[in-house]
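See structure below.
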Amino acid sequence: MTSDTRRVSVADHGSLWSAVTPPGPQCPPLAGPASADAVVIGAGFTGLSTALNLRKAGVDVIVLEAAEPGWGASGRNNGQVIPTLTRPDPDDIEARHGDAGARFVGLLRDCASILFDTVREHGIEAEAEQTGWVQPVHSPGRIAIAERRHRQWSARGAPVELLDAGQVRQMLGSDAWYGGFWNRSGGHVNPLALARGLARAAVDAGARIHGQTPALYFTHRDGRWVVDTPSGSVSARALVLATNAYTGEFSSTLHRRIAQELVPVLSWQMATQPLPDEVRATVIPGRQAMSDTHGDLHFGRYDARNRFVTGGAILLPIDRVGRLKWMIGARLKRLWPQIGEPRFDYVWNGYVGMTRDFMPRFHRLGPDGWAWAGCNGRAVGLSVALGREFAKAVQGVPENELALPFGEPTPLPLHGLARRVAPLMLIRYRRMDRSEI
């Protein structure tokens, strides 16, 4: 067997979440051989939620993490808890996946509540605010998006509301939008605090989490899954691969076909200095999470210290931090003149796993083996809920009762080229943002 361990080119400094979040539990590296009933690869939201739910059911579980819990996308995102996918709506999902799609839609509908209930149940100090998620529309024609989503999610029992331009103006404190869609179950969290809190809850419940232990390769033989790492191996009856956008980043031999069915795209996040009370009284005074209908997404929310946490996309790799501060600062002044001149204390990034059709991918790896990838920017709420589903699968719940629409991995042709040119899609998105529908 040959393998390689790769260096992941994302920023490890400058993160608001790293600056304000207490350390997680001690997760020593694996040392030698070990065995469990289940092994989970990846200590992000999905892997940690899977482990916690398995321990609540009395199942012995080992989690292998290449860095530390929450180091990857789970600890680097904006922290918005959004109970929808980026593009596909319920009708699309059910038309594609039938009964399994309907179950998955139900999981999506409930995923934000599952997250906030988990935080409350385990006393996780994740700065959680279930204030709702709003998607304002940035052109008159795009009100059709809000109307469609409201209609489809209402029919499935979601706590949603269609907003006119005046309601959006009152909710967000800006004249920039033409109406929108509000889901009351959403909100926001400190994502790194959530990851470390899930890790602590899992460890306290008896899970074994090994940090600094990248999984290099796994195979199924003699009725067991065997995962090889640089410092030992784990043998288990069941396996869950929960590495998402980082599947090919630490080892090219972990699972090439899954790694190549998505494109890891850098997502940049930024946090201002704390905004004064008089500004916050008119800029999203209800503290909802907000992300709009631009392809070059406009988004933001407050953290617990009243910093405005936003971000954006940047094309050319030249002074990206400086250019982002200028570009996003100008955007904030345009959307909310009352903010004045924004000053950013933190700028950081992490990978988002993007698929060609903006649908996540769910896979059976073999007997008692499962995986998923392709968050498409909607992983915070969904991942915690998926951990519950994977824990059910490990415990033998039949596939026709799981909210997981399985399929075969579909690697992108010329994946390496697709990864290099993916940032150029920003040009297309910006052109589409200027057009009406």
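Sequential numbering of the sequence shown, starting at 2, is according to my numbering.
All residues carry an ideal CB built from backbone N, CA and C; glycine is no exception.
Being a predicted model, the structure only gives us computed values, none of them experimental.
Nonlocal neighbours in the same chain, by C-beta distance under 6 angstroms from residue i, ignoring five residues either side
i: F46; result: S75, S384, V385
i: L173; result: I285
i: L387; result: T47
i: D61; result: A37, D38
i: E437; result: S140, G142
i: G489; result: Because the chain in this structure spans residues 2 to 438, residue 489 falls outside the shown range and cannot be described.
i: G296; result: Y430, M433, D434
i: L108; result: A386, A404
i: G330; result: P343
i: L164; result: G180, G181, W183
i: E390; result: L403, A404, L405
CA nearest to the CA of residue i, picked from the options
i: I340; options: L298, V284, G370, A374; result: V284
i: R302; options: Q289, Q27, A177, V41; result: Q289
i: W18; options: T411, M355, D304; result: D304
i: W337; options: A243, T294, A282, W226; result: A282
i: T273; options: Y347, R357, W226; result: Y347
i: R379; options: G367, R362, L366, V395; result: R362
i: G417; options: L298, E250, M291; result: E250
i: M271; options: G351, M433, A423, G370; result: G351
i: W269; options: L298, D293, G367; result: L298
i: R56; options: G33, L199, G15; result: L199
i: R97; options: L427, M360, G370; result: M360
i: P89; options: G207, A419, E390, A147; result: A147
i: P34; options: V82, W226, R150, R335; result: W226
i: D358; options: L317, D93, T51; result: D93
i: G408; options: W371, L316, L86; result: W371
Integer Cβ distance of residue i from residue j, believed to fall under 8 angstroms
i: P84; j: C112; result: 5 angstroms
i: L263; j: A374; result: 5 angstroms
i: I144; j: V135; result: Actually they are not in contact, since the Cβ atoms of I144 and V135 sit about 14 angstroms apart, beyond 8 angstroms.
i: T356; j: N377; result: 6 angstroms
i: G133; j: N184; result: 6 angstroms
Buried versus exposed call for residue i [16 or more other C-beta atoms within 10 Å across all chains shown]
i: V106; result: buried
i: E130; result: buried
i: Y430; result: exposed
i: L325; result: buried
i: T22; result: buried
i: V422; result: exposed
i: S232; result: exposed
i: Q153; result: buried
i: Q261; result: buried
i: T220; result: exposed
i: D176; result: exposed
i: E400; result: exposed
i: I115; result: buried
i: A404; result: buried
i: V11; result: The predicted position of V11 is uncertain, since its pLDDT is 44 and thus under 50; no value can be drawn from it.
i: Q27; result: exposed
i: R7; result: Bear in mind that a pLDDT of 43 at R7, under 50, signals an unreliable position, so the number given afterwards is only what the model happens to contain. Classification for R7: exposed.
i: I125; result: buried
i: P192; result: buried
i: R308; result: buried
i: I63; result: buried
i: I259; result: buried
Residues near residue i in its chain [Cβ-Cβ closer than 7 angstroms; skip 5 each side]
i: D13; result: Bear in mind that the predicted position of D13 carries a pLDDT of just 46, short of 50, making it too unreliable to give a figure here.
i: T230; result: L31, L65, T214, P215, A216, L217
i: T119; result: V385
i: R344; result: T273, Q274
i: M328; result: G313
i: Q171; result: none
i: K393; result: L403
i: H189; result: G80, Q81, V82, E130, A290, R302
i: P414; result: none
8 angstroms CB neighbourhood of residue i in its chain, flanking five on each side removed
i: A196; result: G25, A44, G45, F46, L49, P70, G71, S75, G76
i: R420; result: V264, P265
Report yes or no: do the region 153–167 and the region 312–325 share at least 3 C-beta pairs separated by less than 8 angstroms? Judged by Cβ distances under 8 angstroms, the region 153–167 makes no contact with the region 312–325, as fewer than three pairs qualify.
Meets three-Cβ-pair contact criterion under 8 angstroms: the region 239–247 and the region 32–45: These segments touch.
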